[in-house]
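Residue numbering for the sequence shown follows our numbering, starting at 176 and increasing by one per position.
Using N, Cα and C, we set each Cβ at its ideal position, and we do this for glycine too.
What follows is a single structure, written as C-alpha cells, with notes after it.
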Amino acid sequence: MSEELAIHGGPKARTTPFPSVGDSSGRDLGDEEIALLTEVIRSGCLGRHGGKMVPQFEQEYAAHQGVKHCLGVTSGTAALHTAVGALQLDPGDEIITTTVTDMGTVIAILQQNQIPIFCDVDRRTMNLDPTKLEGLINDRTRAIIAVHLFGQAVDMDTLMPLARKHKLYVIEDCAQAHDAEWDGRRVGTIGDLGCFSLQQSKQITTGDGGIVITNDDDLALNARNFHDKFYDRSGENRGVLRLGMNYRMTELQGAVALAQTRKLDSILGRRRHTAELLTSYLSKIEGIIPPWVHPKATHSYWIYPFQIDEAVLGCTVAEFRAAIQAEGLPWGTGYAGGIPICMYPAIREHKAYGDSLFPWEPPYGRYVEYREEDYPETIWAQANTFVMNWNEGITDADVEDMAHGFRKMAEHYRKRR
Ligand SMILES: Cc1ncc(COP(=O)(O)O)c(C=O)c1O
C-alpha cells in the first residue's frame, strides 16, 4: 500500500528544515574568513584605497577565471551598473535583456538612462531565448545583457554571433551562475564584461558584494573609474572625468571574498554532486521532469528547478505545489513574482524618474509599451517551474528525503489517474 501524503494527514517526508543559505547550515563560512577579517581589522585600514585584501581578491579571482581584469564592487547590481557605465552609451540607447531576472539587471540599464527591451525565454530553462533576439534589435540597440539564470548558461553559440553581427556589446549577468560553463568556457568570459553577485544566497557570498571581469583594457579602465566616482587616478590629476558612482568594495568584503574564492571549487563540487544525485532520482519518476541542462552547459545550481507533466503525473501544478510543501519540501512556483519583470509597475508604467517618462521619451529615446502577451513562454515557465534555493550544506541524506517525498507523491497521483 502506498504511503499517505502529508497533505492528507500522513507522515511528512521531512520534518526538520533543510540546510539554508540564510544561515551557517548552508554556507561555507568559517575560520578562513575570520583569519582574513582579523588581518584587516588589525591593519586599521577598512577602505579599498590603501588596503591589501581587495587587490589580492581581485588578483586571485582574475586568475581563477583566467581573465585579465577583475574589479570588486559593493553588489551584483553595482557590478551591472558599473558594466553598463563602462560602455558610455547615450541616454535613450536600448539594451536587450530577459524577462526573468532580478531587478538589479534592469536597474543597471535605467540608472544609465538606457531603455530596457525584454526578450522571451526558453521554457525549459527560463533563460533568454537568443533565437528571439533578432526581431528586437534596431538602430538604437547597443548591448545585450545575457542573464545565466539559476546557474545555467544562456545559449552563447546563438547569442554571440548575432551580437557581433549587429556590433552589440554583451554583458553577462552571472549573478546566479558562478563558475557555470558554456562549451567548456566559464560564463562571464565569453562576452565583453561579466558581472557576479556576492549577495547572501549566491554560491559564494560576502553578505552583499559584486564582481566585474573583462579581458578588454579600455572597458576595464572605464569600469574601474566608474565605480570610483570617475576620478582620474592616472597620476595626471585631472579631477573627475565623467559621471560615476562610489561602488568601492571595502576591505572587510574583500577579506571574505578572498576566502570564499579559495573555496569556490569545493563549494561548486558539493552543489553539483547533490543536485546531480537528486536528478538521478527524479529522472526515474514518471511525470517529474528534472532540470533540463543543455548538452553544452555545466550547471552551477544556484537554484534547483524542475517541472512536472500534469497528464502523466495525474495532478495539477497547484495540487503538486501544495502537496510537496506539506511534505516539508520547500519548492514553489512563481519565481521572481511570477510575472515577466517588465510587468513590474516601475517598468510597465515607466516610473523611473518622477512624473516624467524619461528615458522612454523623445528627444532621448522612444516610448516602449511592455505587454504580457509578448512573453508567452515566460508566463508558462513561471507558472510551471518549481524552484528551491540549493546550497553546499545539502547532504546525500537530505537528497534521499527529497527523493522519498517525490516518489511518494508521484505514486499517489498516478494511482488516482
Ligand atoms: C540575475 C541577477 N542579476 C542581478 C542581481 C543583483 O545582485 P545583488 O542582489 O547582489 O545586487 C541578482 C541578485 O539577486 C540576480 O539574481
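Rounding to the nearest angstrom, what Cα-Cα distance links A527 and A521 in this structure? Position 352 of the sequence shown, counted from the first residue, corresponds to residue 527. Position 346 of the sequence shown, counted from the first residue, corresponds to residue 521. Approximately 6 Å, taken between the alpha carbons.
Return yes when at least one heavy atom of ligand 1 lies under 7 Å from the C-beta of D206, else no. Residue numbering aside, residue 206 sits at position 31 when the sequence shown is read from its first letter. Incorrect: D206 has no Cβ contact closer than 7 Å to ligand 1.
Can you check which of these residues, M563, E208, Y519, G205, is closest to W506 by C-alpha distance? Residue numbering aside, residue 506 sits at position 331 when the sequence shown is read from its first letter. Comparing alpha carbon positions, the residue from M563, E208, Y519, G205 closest to W506 is M563.
Quick one: is the Cβ of A350 within less than 7 Å of any heavy atom of ligand 1? Position 175 of the sequence shown, counted from the first residue, corresponds to residue 350. Flag set: Cβ of A350 near ligand 1.
Tell me I320's beta-bridge partners as DSSP assigns them. Position 145 of the sequence shown, counting from 1, holds the residue named residue 320. Looking at the DSSP output, I320 shares a beta bridge with I346.
Going by DSSP, name the residue or residues bridged to N564. Here residue 564 refers to the residue found at position 389 when the sequence shown is read from its first residue. Its beta-bridge partners are I478.
Strictly by DSSP, which residues pair up with D403? What you label residue 403 is simply residue 228 of the sequence shown in a count that begins at 1. Beta-bridge pairing links D403 to N421.
Can we count D277 as close to ligand 1, meaning its CB is less than 7 Å from some heavy atom? By 1-based counting over the sequence shown, the position of residue 277 is 102. The answer is yes for D277.
Burial state of L418 (16 or more Cβ within 10 Å): On the sequence shown, position 243 is the one that residue 418 refers to. Exposed, by the Cβ-count rule.
Starting from E386, trace the alpha helix (DSSP H) both ways and give me its first and last residue. In the sequence shown, residue 386 corresponds to position 211, counting from 1. The amino acid occupying residue 386 in the given sequence is Ile; Glu does not appear at that position. Per DSSP, I386 belongs to no alpha helix (DSSP H); it is in the beta strand (DSSP E), 385 to 389.
Grab the span of the alpha helix (DSSP H) containing V281 for me, first residue to last. Translated into the one-based positions of the sequence shown, residue 281 becomes position 106. First-last of the alpha helix (DSSP H) with V281: 278 to 286.
Determine the DSSP secondary structure at L308, reduced to helix, strand or coil. In the sequence shown, residue 308 corresponds to position 133, counting from 1. Coil, per DSSP.
Beta bridge counterpart(s) of P124 as assigned by DSSP: Because the chain in this structure spans residues 176 to 592, residue 124 falls outside the shown range and cannot be described.
Exposed or buried, which one is D203 when buried takes at least 16 other CB atoms within 10 Å? Locating residue 203 in the sequence shown gives position 28, where the first residue counts as 1. D203 comes out buried.
What would DSSP say about Q374, mapped onto helix, strand or coil? Your numbering for residue 374 matches position 199 in the sequence shown. Of the three classes helix, strand and coil, the one that applies to Q374 here is strand, per DSSP.
Residues of its chain near A556, where Cβ-Cβ distance is below 7 Å and the 5 sequence neighbours each way are ignored: By one-based count along the sequence shown, residue 556 stands at place 381. Hits under 7 Å: V296, R298, M301.
Applying the 10 Å Cβ sphere with the 16-neighbour rule, what's the burial state of R217? As a position in the sequence shown, residue 217 is number 42, starting the count at 1. That one is exposed.
So is N421 buried or exposed if we call it buried at 16+ other beta carbons inside 10 Å? Sequence index remark: in the sequence shown, residue 421 carries index 246 (1-based). N421 should be labelled exposed.
For a test of your reading of the model: does the CB of D383 fall under 7 Å from any non-hydrogen atom of ligand 1? Yes or no. Translated into positions along the sequence shown, residue 383 becomes position 208. Within the cutoff, so yes.
In this structure, does DSSP put A181 in helix, strand or coil? Counted from its first residue, the sequence shown places residue 181 at position 6. A181: helix per DSSP, three-state reduction.
Should T252 be counted as a contact of ligand 1 given a C-beta to heavy atom distance under 7 Å? Locating residue 252 in the sequence shown gives position 77, counting from the first residue. True, at least one ligand heavy atom lies under 7 Å from that Cβ.
What's the C-alpha gap between E548 and L303? Here residue 548 is taken as the residue at index 373 of the sequence shown, counted from 1. Here residue 303 is taken as the residue at index 128 of the sequence shown, counted from 1. Roughly 16 Å separates the two Cα atoms.
Quick check on T213: buried or exposed, where buried means 16 or more other Cβ atoms within 10 Å of its Cβ? Walking along the sequence shown from the start, residue 213 turns up at place 38. Exposed, by the Cβ-count rule.
Compute the distance between the beta-carbons of G201 and P194, then report whether it is under 8 Å. Along the sequence shown, one-based indexing puts residue 201 at 26. Along the sequence shown, one-based indexing puts residue 194 at 19. Yes, the Cβ-Cβ distance between G201 and P194 is below 8 Å.
Collapsed DSSP secondary structure at E461 in the structure displayed: Reading the sequence shown from its first residue, position 286 is the one you call residue 461. In the structure shown, E461 sits in coil (DSSP, three-state: anything other than H, G, I, E or B).
Apart from the five residues on each side of it in sequence, which residues of its chain come closer than 6 Å, Cβ to Cβ, to H579? Along the sequence shown, one-based indexing puts residue 579 at 404. Cβ neighbours of H579 beyond the five flanking positions: A188.
Which class does C490 belong to by DSSP, given the choice of helix, strand or coil? Walking along the sequence shown from the start, residue 490 turns up at place 315. Residue state, collapsed to three classes: coil.
Distance CB(A254)-CB(S372) smaller than 8 Å: Numbered from 1 along the sequence shown, position 79 holds the residue referred to as residue 254. Numbered from 1 along the sequence shown, position 197 holds the residue referred to as residue 372. For A254 and S372, yes; Cβs fall inside 8 Å.
Using the Cβ count rule (16 or more neighbours within 10 Å means buried), how would you classify Y542? Against the sequence shown, residue 542 aligns to sequence position 367. Exposed, by the Cβ-count rule.
May I ask whether a heavy atom of ligand 1 can be found less than 7 Å away from the beta carbon of S475? Counted from its first residue, the sequence shown places residue 475 at position 300. Flag unset: Cβ of S475 not near ligand 1.
Roughly how many angstroms separate the alpha carbons of W270 and I312, rounded to a whole number? For the purposes of this step, residue 270 is taken as residue 95 along the sequence shown, with counting starting at 1. For the purposes of this step, residue 312 is taken as residue 137 along the sequence shown, with counting starting at 1. The sequence shown places Ile at residue 270, rather than the Trp named in the question. Straight-line Cα distance between these residues: approximately 9 Å.
CA-to-CA distance, L396 to W467, given in whole angstroms: In the sequence shown, residue 467 corresponds to position 292, counting from 1. In the sequence shown, residue 396 corresponds to position 221, counting from 1. Those two C-alpha atoms are separated by around 38 Å.
So is the beta-carbon of V322 under 7 Å away from any non-hydrogen atom of ligand 1? Taking the sequence shown and counting its residues from 1, the one referred to as residue 322 is at position 147. It does: the Cβ of V322 is within 7 Å (strictly closer) of some heavy atom of ligand 1.
Residues of its chain near T473, where Cβ-Cβ distance is below 7 Å and the 5 sequence neighbours each way are ignored: Position 298 of the sequence shown, counting from 1, holds the residue named residue 473. Answer for T473: A355, E356, listed in chain order.
Give me whichever residues DSSP pairs with W357 in a beta bridge. As a position in the sequence shown, residue 357 is number 182, starting the count at 1. R360, A472, per the DSSP bridge assignment.
Ordered list of alpha helix (DSSP H) runs contained in the stretch 510 to 553, each at least 4 residues: 520 to 523
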